[in-house]
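Residue numbers (this note's numbering), protein chains in the order written: chain A, 90 to 322; chain B, 90 to 322. Take a look at the structure set out below.
There are 2 protein chains.
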Amino acid sequence: MATTVLHTTVLDSLGRRITSGDVAAGTPLTLESIGSEFGVSRTVAREVMRLLEGLGLVRSRRRVGLVVLGIEEWNVLDPRVIRWRLEGPGRDSQLRTLTELRHAVEPLAAAGAAVHATDGERTELVAAARRMRMLGEAGDLEEFLALDVRFHELLLRASGNEMFGALAGVVAAVLSGRTHLGLMPASPVPEALDQHEAVAHAVADGDPRAAEAAMAAIVGEVRAALGGVDRQV
Amino acid sequence: MATTVLHTTVLDSLGRRITSGDVAAGTPLTLESIGSEFGVSRTVAREVMRLLEGLGLVRSRRRVGLVVLGIEEWNVLDPRVIRWRLEGPGRDSQLRTLTELRHAVEPLAAAGAAVHATDGERTELVAAARRMRMLGEAGDLEEFLALDVRFHELLLRASGNEMFGALAGVVAAVLSGRTHLGLMPASPVPEALDQHEAVAHAVADGDPRAAEAAMAAIVGEVRAALGGVDRQV
DNA sequence: TGTGGGCTATTGGTAGCACCTTTGGCAAGT
DNA sequence: ACTTGCCAAAGGTGCTACCAATAGCCCACA
């Protein structure tokens with residue numbers, strides 16, 4: 090995202106520290122303290138501070154400094170905040186809430202894709218599903234993951250709603266987090282492969298209902314595996 | 090959000106200009122041009138630039154300046170970006186994509202609320218639904234809107250998923266946009282009032298399925314009224 | 001025609017200043 | 001003891017000036 094190293098270093102460090110709860114809400118920081126701790130100038134500290142303020146992690150008040158805000162003020166949908174929280178101690182709960190978000194969004198996105206996807210997207214989706222079966226049966230987890238990510242991103246972007254498309258990065262993080270956390274079976278279950286193909290074909294056929302149902306099955310299963318909270322499908 | 094006027098002025102102006110398509114993707118800006126146009130120093134221009142970069146609206150490159158990015162790079166879920174787009178020419182399409190997002194999220198949030206809401210939230214929800222009926226039948230649109238916003242915010246915040254809670258502002262914007270754009274009937278249709286009460290009671294009773302179904306009915310109807318795209322409920 | 005090297009525009013980062021708002025404490029009066 | 005009001009310091013807000021690094025662009029030369 091940011092091309093520069095300096096800002097990202099300081100920003101990531103502070104962002105992680107706040108989102109992890111390492112510094113509690115209400116704690117005051119100052120530009121001075123940031124600058125001296127990281128050995129950067131006031132200017133850089135100020136720019137980082139503005140970013141953090143934009144993310145709702147902190148509010149700057151005169152004479153007080155930057156007071157850390159509570160989670161209800163955070164832009165929890167911002168990719169950076171999501172990343173920090175996934176790297177922090179609340180990883181599991183974050184994975185749960187993100188999965189719930191997927192559960193909400195992806196079926197509708199699939200339905201949208203069935204209506205709005207271009208011809209190229211439809212064929213690529215079908216091809217991706219087919220290759221996923223091959224890789225899944227071969228047991229190549231890393232390659233499978235990459236393709237899985239690609240599949241879901243393609244679908245979200247093809248949904249005709251850029252709000253859904255913006256969640257592609259989130260879904261990628263969830264998928265990757267899941268496999269690298271060992272929450273995935275050694276080789277994908279056949280049902281998942283079937284359902285991915287079902288989604289792809291429903292989209293290719295322009296059948297929004299079928300696409301939505303198949304996607305709901307995919308994400309519903311995942312949710313159950315993660316220890317679903319409510320609503321059994 | 091920002092306590093200062095200067096940044097917000099410049100930021101809003103540039104943000105609106107970009108999100109409205111007034112300056113096309115690929116257009117280069119420079120700190121110099123920003124500073125001189127708005128009569129601010131380089132420092133302020135830089136902070137604004139960082140913010141815009143964080144929102145994915147521009148990318149800063151040396152020797153070139155800030156190149157405006159295409160919509161696929163934008164953080165379209167960020168409250169500021171949403172606000173700008175709602176104020177710009179693409180308002181109707183933005184309202185459509187946001188409504189679709191509501192359609193995806195709110196039913197699941199209702200189900201979550203049925204499981205996770207506190208006692209206080211449940212009773213307030215029921216009370217809000219009852220007052221909405223009174224105000225709706227009285228025809229007081231402004232008051233009704235305020236309560237409608239409160240109802241949905243309460244529900245999203247009670248869902249037990251802060252991702253959903255973060256969308257409260259979005260829903261508020263959509264609701265308010267709808268009534269102020271004259272997309273609402275002079276007095277709320279009785280079905281909507283019934284369904285709001287149904288949601289409230291399902292949440293109060295701890296019945297996630299019923300809450301989800303009732304909320305789906307609310308938001309599904311809205312979608313149809315706005316000129317639904319696919320999936321007829 | 002192609003390629004390498006230098007020029008320069010523009011961001012990246014630093015330092016230090018003046019200003020203004022806020023706030024916490026102190027003092028005086030009730 | 002409690003309130004009121006004033007004052008001083010703290011710390012963000014905004015500005016200017018300056019140097020470093022990098023990357024696009026053009027020109028000279030092969």
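All residues carry an ideal CB built from backbone N, CA and C; glycine is no exception. As the structure is a prediction and not an experimental result, all values here were calculated from the model.
A Cβ-Cβ distance of about 7 Å is found for the pair residue 144 (chain B) and residue 169 (chain B), placing them in contact under the 8 Å criterion. Taking a Cβ-Cβ cut-off of 8 Å, the neighbours of residue 136 (chain A) in chain B comprise 135, 136, 139, given in sequence order. Taking 7 Å as the cut-off, the beta carbon of residue 206 (chain A) is found closer than this to the beta carbon of residue 292 (chain A).
The stretch 230-237 of chain A makes no contact with the stretch 184-203 of chain A; the number of CB pairs closer than 8 Å stays below 3. The contact set of residue 245 (chain B) on chain A, defined by CB atoms closer than 8 Å, is empty, because the minimum CB distance reaches about 11 Å. Interface residue (Cβ-Cβ distance to chain B less than 7 Å): residue 189 (chain A) is classified as such. Listed along the chain, the chain A residues whose CB falls inside 8 Å of the CB of residue 290 (chain B) amount to none; the nearest CB is some 17 Å away.
Put simply, the CB of residue 259 (chain B) is far from chain A, with every gap to its CB atoms at 7 Å or more. Among the CB atoms of chain B, one or more fall inside 7 Å of the CB of residue 166 (chain A).
Spanning the alpha carbons of residue 204 (chain B) and residue 287 (chain A) requires a straight line of approximately 32 Å.
Going by DSSP, residue 197 (chain A) is part of no beta strand (DSSP E) but of the alpha helix (DSSP H) stretching over 180-205. Assigned with DSSP and collapsed to three states, residue 276 (chain A) falls in coil, not helix or strand. For residue 248 (chain A), no beta strand (DSSP E) encloses it, and the DSSP letter there is neither H nor E. A Cβ-Cβ distance of about 7 Å is found for the pair residue 217 (chain A) and residue 243 (chain A), placing them in contact under the 8 Å criterion. For the pair of segments examined, the stretch 151-162 of chain A was found not to touch the stretch 148-164 of chain B: the number of CB pairs separated by less than 8 Å stays below three. For residue 137 (chain B), the uninterrupted alpha helix (DSSP H) segment begins and ends at 131-143.
Against chain A, the beta carbon of residue 304 (chain B) has no neighbour under 7 Å; the closest one sits roughly 11 Å away. In the structure shown, residue 146 (chain A) adopts coil according to DSSP, grouped into three states. Cβ-Cβ separation between residue 139 (chain B) and residue 136 (chain A): approximately 5 Å, consistent with a contact (criterion under 8 Å). Between residue 281 (chain A) and residue 196 (chain A) the beta-carbon gap is near 15 Å, outside 8 Å, which marks them as no contact.
In the three-state scheme derived from DSSP, where H, G and I count as helix and E and B as strand, residue 266 (chain B) is classed as helix.
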